[in-house]
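In this note's numbering, the protein residues as written are 236 to 660. Just so it is clear, CB atoms sit at the ideal spot from N, CA and C, and this is done for glycine as well.
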């Protein structure tokens, strides 16, 4: 049996192909059932995000290519169309890959935390679809433990590396409690939306969204409980803002020096913190010369982001070492499981013997035999069944003079060689 991972991601495939092979939430349960039912596939889990689609399976020998073939057929794609973009990992490499994915080492943004939640979702969906057994179940549990340890023991996710998050983190340095701050967002694009999400997580006291198109501002504001205004009303609301974050596609500055000077006067010199993350700039750079006004540009943020990325790369080296140890640990379990567990096998055989003898004893009762006869049959027959094979092998060992095996049997059954009886416990 082999443990395999097959898939494609933002590093290997264009977005058009990633869209074709993605699985929606509604499509996941039937897809899992279909994949697990393929010849030779024992278990299956599917991880599908905007940046990756990956299949994790245990398969019988000779069926290693079945999951990739199924992926092509399921999405109506030719093998030549997809194969050049697929990566395939087996056994230890598959384990290592999942550990790296869950810890953010394979993400577009190194160390980003969202992927771990997506891996947990993939695990939950596979459990609900009943496509997991012992190996993948244990692999995912190990994955979550590794990811937690990497997060707690390294700084891989400690420093922001997105422009929006860095802008909000800078604001937190000036206003240590954003719950007391009013924030004005200028723009309604993706970066401003991300900033609004981070500010919402920080429970900012008041959030205002300003945009040239009021409808766009209102649509964004509605998602985050903010107040929407048009750019024409900017001067009226600017004095309220402790923090301003601007990111529009305007070719000319949105905020001029005179506007900020008027606002700081009306604020009675209470400081204002402004972040301009637009290119071209949205805020007149001479605003930085105004007393009690602190202006950061995209270049300032880039310097912070570069420092943070260096810090994450250093943490990633620590994470890699932790992952390697965890891979070795899991593969030790995998090889032991694959070779079979004699304790599990022995207990399973004993249960089977018990059930067979118990059924016959019940049959005796049903035919009118006395309870004493049924109990005698049960005890005698079950004892013989359980001890027949060990007794036969021990007799052979005694005839061969195999003292080592006989001593091992004494230890196994906790027998006293002098008396032949089981030791008291």
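In this chain, the beta strand (DSSP E) harbouring residue 478 covers 478-481.
In this structure, DSSP gives residue 303 a helical state, which the three-state scheme calls helix.
When the Cα atoms are used, residue 398 and residue 426 turn out to be separated by approximately 8 Å. Judged by pairs of C-beta atoms under 8 Å, the region 437-451 does not touch the region 501-509, as fewer than three such pairs exist.
In this structure residue 242 is buried. Its beta-carbon is surrounded by 16 or more other beta-carbon atoms within 10 angstroms. The straight-line gap separating the alpha-carbon atoms of residue 587 and residue 574 is approximately 21 Å. Residue 617 and residue 638 have their alpha carbons spaced roughly 28 Å apart.
Between the alpha carbons of residue 614 and residue 607 lies a distance of about 11 Å.
Counted as a single uninterrupted DSSP element, the stretch harbouring residue 627 is not any beta strand (DSSP E) but the alpha helix (DSSP H) occupying residues 606-635. Across the structure, residue 522 and residue 476 are spaced so that their CA atoms are roughly 15 Å apart.
A Cβ-Cβ distance of about 6 Å is found for the pair residue 470 and residue 494, placing them in contact under the 8 Å criterion.
Annotation: the continuous alpha helix (DSSP H) that includes residue 401 extends over 398-409. Contact annotation: the region 473-491 touches the region 403-420, with at least three C-beta pairs closer than 8 Å. Straight across, the Cα-Cα distance linking residue 254 with residue 285 is about 8 Å.
Residue 446 is bridged by DSSP to 465. With respect to the C-alpha of residue 519, the residue from 389, 481 and 256 having the closest C-alpha is 481.
For residue 350, the enclosing alpha helix (DSSP H) begins and ends at 349-363. Assigned with DSSP and collapsed to three states, residue 247 falls in coil, not helix or strand.
A straight-line Cα-Cα distance of about 15 Å links residue 431 and residue 511. Sequence-distant Cβ neighbours of residue 550 in its own chain, meaning closer than 6 Å and more than five residues away, are 389, 390 and 391.
DSSP, reduced to helix, strand and coil, places residue 376 within a helical segment of the structure shown. Boundaries of the alpha helix (DSSP H) harbouring residue 561: 533-574, taken from the DSSP string. With at least 16 other beta carbons inside 10 angstroms of its own, residue 278 counts as buried. Assigned with DSSP and collapsed to three states, residue 312 falls in coil, not helix or strand. Three or more Cβ pairs drawn from the region 545-564 and the region 339-349 lie within less than 8 Å of each other, which places the two stretches in contact. Counting along the chain, no beta strand (DSSP E) covers residue 646; the unbroken alpha helix (DSSP H) around it starts and ends at 638-648. When the five nearest sequence neighbours on each side are left out, the beta carbons in the same chain lying within less than 6 Å of the beta carbon of residue 453 are those of 463, in order along the chain.
Cβ neighbours of residue 565 within its own chain (closer than 7 Å, five residues either side excluded): 330, 374 and 377.
Around the beta carbon of residue 410, 16 or more other beta carbons sit within 10 angstroms, so the residue counts as buried. For the pair residue 408 and residue 433, the Cα-to-Cα distance works out to about 14 Å.
At the C-beta level, residue 288 and residue 334 stay beyond 8 Å of one another. Boundaries for residue 513: no beta strand (DSSP E) harbours it, and the DSSP string shows neither H nor E there. Rounded to the nearest whole angstrom, the CA to CA distance from residue 563 to residue 327 is 8 Å.
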